[in-house]
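Under our numbering, the first residue of the sequence shown carries the number 148, and numbering increases by one thereafter. By construction, the Cβ of each residue, glycine as well, lies at the ideal position given by its N, Cα and C atoms. Read the structure below first, then the notes.
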Amino acid sequence: MGCIYKDKTRTVAERVNDLLERMTLEEKIGQMMQISFTSVSRKEAEEWVTERCAGSFLHTLGDDARHLQKLALSTRLGIPLLFGIDAVRGHALHNGATIFPTQLAMACSWNPELIRMAGRVTAREVSADGLHWTFSPILCLGRDLRWGRINETFGEDPYLTGVLAASIIQGYQGDSLSDADSILACAKHYIAYGEGTGGRDAYDSQISIRKVREVFLPPFRKAVEARCATFMSSYQSIDGTPVTANKKVLRKLLKDELGFEGFVVTDWDNTLSLIVNQHVAGDMETAARKAVEAGNDMIMNTNAFYDAALKLAGEGVIPVELIDDAVRRILKMKFELGLFDGKAYTQPGTNTDAIGCEEHLAVALDLTRECIVLLENRNNTLPLAEMVKKIAVIGPNADNIQSQFGDWTFLSHPTPKPHEVPKLPVRTFLSGIMELAEKRGISVTYHRGCDIMNKDDEDIAGAVECASTADVVIAVVGDCLEQNGEYKDRADLALSGSQQKLLESLKQCGKPLIVILVNGKPLAIPWVAKNADAVLETFNSGLFGGKAAAEIIFGEVNPSGKLPISFPYHSGQLPVYYNHLPGWHGGRYMDMPEKPLYSFGYGLSFTSYEYSNLHLSHTACSADDTVTVSVDVTNKGPYDGKETVQLYVKDVISSVVTPVKQLKGFMKTEIKSGETKTVKIDLPVRELFIIDENENQVVEPGEFEILVGPDSRDESLLKAVLTVV
Ligand code: NOJ
């Protein structure tokens, strides 16, 4: 007779229970294993499947994945493997797939719908390649810019991060996980990973659990509400307890309190890290026990976990209920995804044409256009005037695909391949500008000027000569792959190599100087802010950065990006996030300005918007109400545009110290030249929560300032008062 677990007409719960009852302890612990194909030999990989019933592989593609899947299906119970990959900005480890801007760049769009579509495209391409699961999105907050992984975040703000994360999760997981083109999302790195003291990657986050709940939990809560299938536990410790061994934040907070029903995978070799990096376990048995007790369900790449856990579970040291809970969660997702019902992929897919198809590239281009932030535009330098006939494009990032792409593409992962040639046409800044210039009969000259890392590799005189005959100079500078990512925290965020010297020399030419920034994260660039005639921030923009920037430069697109993160004047000014606490005597370092160089939410347009008539649907409310906040926005300039209206809240008096303001809503909307739009944003009063001294989430009665405007700066915001009774 057929088994219940193979019967599609049964519920997932029935199928999971049936399968679990049939499994041996070995098979159960096998399901908890995630093996890295790049860390074992082919034979070992096969043995993990045939002899130990491994549950998952990561970074395994194409024929290798199909081969292992066939082996898995031929085992006693035929439990399919789950294949995971870091498709964090499109299926970007696959050369030929659509590559989106990094999350930080995507967040500049403040456009949840386009980000949802990016998730959808990614899911279609990943699934077409026979894979099931992306380790994305990243919900870490980018608050200390020295951290090497700022580029992977949606910026510094918990609310914006949560909204964008929920959108991309929806895109990945589609209407139903079982749809052919849906994949599992993974909210990572849970929790407070970006807060490593000093911006140090995987170091201790010296914060309280109250702070975890107040600042870092909200985006993850939104991920649970969006039914994100998996979470990844983070590398670092919180106040001395490694997250991998942290029952309080994993089992209790995430699973018991938030009711997360999916499974938790550790980060890379996190279980071993308990021994070799964090020294809270002297041997693998202790580490394995701590990891399971804390609430990790799947173990990434610590293969020694298997023997240790098997022994301890056999002896009853690890209760078998904990193993069952982990395996139940993993199997549940395998069933919900449809792995037992046709998504196991043992044959090459028929829909591989979806990978990098025109429709997907069009989504990437649309999104990239909205990801670019105009930071300066003195005397309307942009769009370029008609009399410009010759452009000099100068700088180390003008024609540098690796810098433009940034981290987590096939050029960087799983192993660096800097010289691999992209299969899809990439528009660098040089080629993008050349293409549009040619159409207008404008000539373009180019000089690299200098290197980003090596001070000796420069030809400033050559660059200046190239610039001297042009009508405008476009300098493309920033940082490079070596300065971003894991193990790449930076103490100094100034322009490296001879880039500063290059810019100062170009300025001397006396031509309008337009600076395009190509960088993983905000840099300390006060000279650029003061001296450039126009500045475009593009971060790591993927395939179409050069095209989208050129469209802005020539006025085909009106920029609408806004910063999801603040820029410092100097590395020593960090942290500069806008939602800081009050109370600092003096409110500034005596040798630094009080404000950041560029504030959260800031970004210019070719047109200008005027805000008026801020209105609240009610000025007194209770904690269960939703208040509708409306404001009139008039496009006063000559261009149609898209404006992001931002709503901040300040708790006037609270029982604990609360931030000077916090984003609690936003809306991006198109406004035609001359048009006035009334923008309405719903504010659920429960969003005005604080975490009190006993770690309870409460909305306290009293007054709240409701602040609405184009960015987070005090001077940009209209104010009304709401009273919670
Ligand atoms: C380590 C990284 O921290 C994580 O983001 C990634 O998903 C895993 N490695 C797998 O590559």
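So what's Gly579 in DSSP terms, helix, strand or just coil?
Three-state result, Gly579: helix.
Any idea which residues DSSP pairs Asp813 with across the strands?
As written in the sequence, residue 813 is Phe, which differs from the Asp given in the question. Answer by DSSP bridge pairing, in chain order: Gln793.
Residues in the same chain with beta-carbon distance under 6 Å from Lys883, minus the five sequence neighbours each way, listed in chain order, please.
Lying before the first or after the last residue shown, residue 883 is absent from the chain, which here runs from 148 to 872.
Among Leu810, Ala441 and Thr499, which has the Cα closest to the Cα of Pro711?
Of the candidates Leu810, Ala441 and Thr499, the one whose C-alpha sits nearest the C-alpha of Pro711 is Leu810.
What's the call for Arg587, buried or exposed, on a 16-neighbour Cβ count within 10 Å?
When all chains shown are included, Arg587 counts as exposed.
Could you check the C-alpha separation between Glu468 and Val396 for me, to the nearest Å?
C-alpha separation (whole angstroms): 20 Å.
Should the segment 523–536 be called in touch with the segment 596–614, which here means at least 3 C-beta pairs below 8 Å?
Counting Cβ pairs under 8 Å, fewer than three are found: no touch.
Nearest by alpha-carbon distance to Leu664: which of Glu612, Leu457 and Ala641 is it?
Measuring from the Cα of Leu664, the nearest candidate turns out to be Ala641.
For Glu342 and Ser752, what's the separation of their Cα atoms in angstroms?
About 32 Å.
Name the residue from Val682, Gln720, Ile853 and Val872 whose alpha carbon lies nearest to the alpha carbon of Leu864.
Minimum Cα distance to Leu864 is reached at Ile853.
Flag Met379 as yes when its Cβ comes closer than 7 Å to any non-hydrogen atom of ligand 1, and as no otherwise.
Checking the Cβ of Met379 against ligand 1 gives yes.
Note down, in chain order, each residue of its chain lying with its Cβ closer than 6 Å to the Cβ of Val474, except the 5 sequence neighbours on either side.
These residues qualify, in order along the chain: Lys175 and Gln178.
With a threshold of 7 Å (Cβ to nearest heavy atom), would Asp414 be considered close to ligand 1?
Because some heavy atom of ligand 1 lies under 7 Å away, the Cβ of Asp414 counts as near it: yes.
Hey, how far is the Cα of Asp414 from the Cα of Tyr382?
Distance between the alpha carbons of Asp414 and Tyr382 is about 6 Å.
Based on the DSSP secondary-structure assignment, which residues constitute the bridge partners of Phe714?
Phe714 pairs with Tyr745.
Could you tell me the distance, in whole angstroms, from the CA atom of Arg199 to the CA atom of Glu173?
Roughly 7 Å separates the two Cα atoms.
Which residue from Ile232, Arg236 and Thr197 puts its Cα closest to that of Lys217?
Nearest C-alpha to Lys217: Thr197.
For a quick check, are the C-beta atoms of Thr300 and Thr281 less than 8 Å apart?
Their beta carbons are not under 8 Å apart, which means Thr300 does not touch Thr281 by this criterion.
Can you give me the C-alpha to C-alpha distance between His241 and Gly503, rounded to a whole angstrom?
Approximately 10 Å, taken between the alpha carbons.
Count the other CB atoms within 10 Å of the CB of Thr344; is the residue buried (16 or more) or exposed (fewer)?
Result: exposed.
For Lys537, which of helix, strand or coil comes out of DSSP?
In the structure shown, Lys537 sits in a strand (DSSP, three-state: E or B).
Under 7 Å Cβ to Cβ from Phe367, same chain only, skipping five residues before and after it: list those, please.
Leu286, Ala334, Tyr337 and Ile338.
Using 7 Å as the cut-off, classify the Cβ of Lys668 as near or not near the heavy atoms of ligand 1, replying yes or no.
Lys668: no, Cβ never under 7 Å from ligand 1.
Our contact map puts Thr515 next to Ala695 with C-beta atoms below 8 Å; I'd like the distance itself, whole angstroms only.
About 4 Å separates the two Cβ atoms, so the contact holds.
Under the DSSP definition of a beta bridge, which residues are partnered with Tyr593?
BP columns for Tyr593 point to Val540.
Counting C-beta neighbours from all protein chains within 10 Å, is the total for Val868 16 or more, i.e. buried, or is it exposed?
Result: exposed.
Any heavy atom of ligand 1 within a distance shorter than 7 Å of the CB on His279?
Because no heavy atom of ligand 1 lies under 7 Å away, the Cβ of His279 does not count as near it: no.
Let's see if you can read the secondary structure: which residues bound the beta strand (DSSP E) around Met264?
That residue, Met264, is in no beta strand (DSSP E); its alpha helix (DSSP H) goes Pro259 to Ala275.
Shorter than 7 Å, the distance from the beta carbon of Asp233 to the closest heavy atom of ligand 2, or not?
Among the ligands modelled here, namely ligand 1, ligand 2 does not occur.
Please determine whether the Cβ atom of Glu342 lies at a distance below 7 Å from any heavy atom of ligand 1.
Incorrect: Glu342 has no Cβ contact closer than 7 Å to ligand 1.
Report yes if the C-beta of Phe410 is less than 7 Å from at least one heavy atom of ligand 1; otherwise report no.
Result no, Cβ not under 7 Å from ligand 1.
Check Cys287 in the structure and name its three-state DSSP category.
Of the three classes helix, strand and coil, the one that applies to Cys287 here is coil, per DSSP.
What did DSSP end up calling Leu512 once you bin it into helix, strand or coil?
Three-state DSSP puts Leu512 in a helix.
Flag this pair as yes or no: are the beta carbons of Phe714 and Ser859 separated by less than 8 Å?
Cβ atoms of Phe714 and Ser859: not closer than 8 Å.
Report whether the distance from the Cβ of Phe282 to the nearest heavy atom of ligand 1 is below 7 Å.
Checking the Cβ of Phe282 against ligand 1 gives yes.
Please tell me whether, using a cut-off of 7 Å, the distance from the CB of Lys635 to the nearest non-hydrogen atom of ligand 1 is below it.
False, no ligand heavy atom lies under 7 Å from that Cβ.
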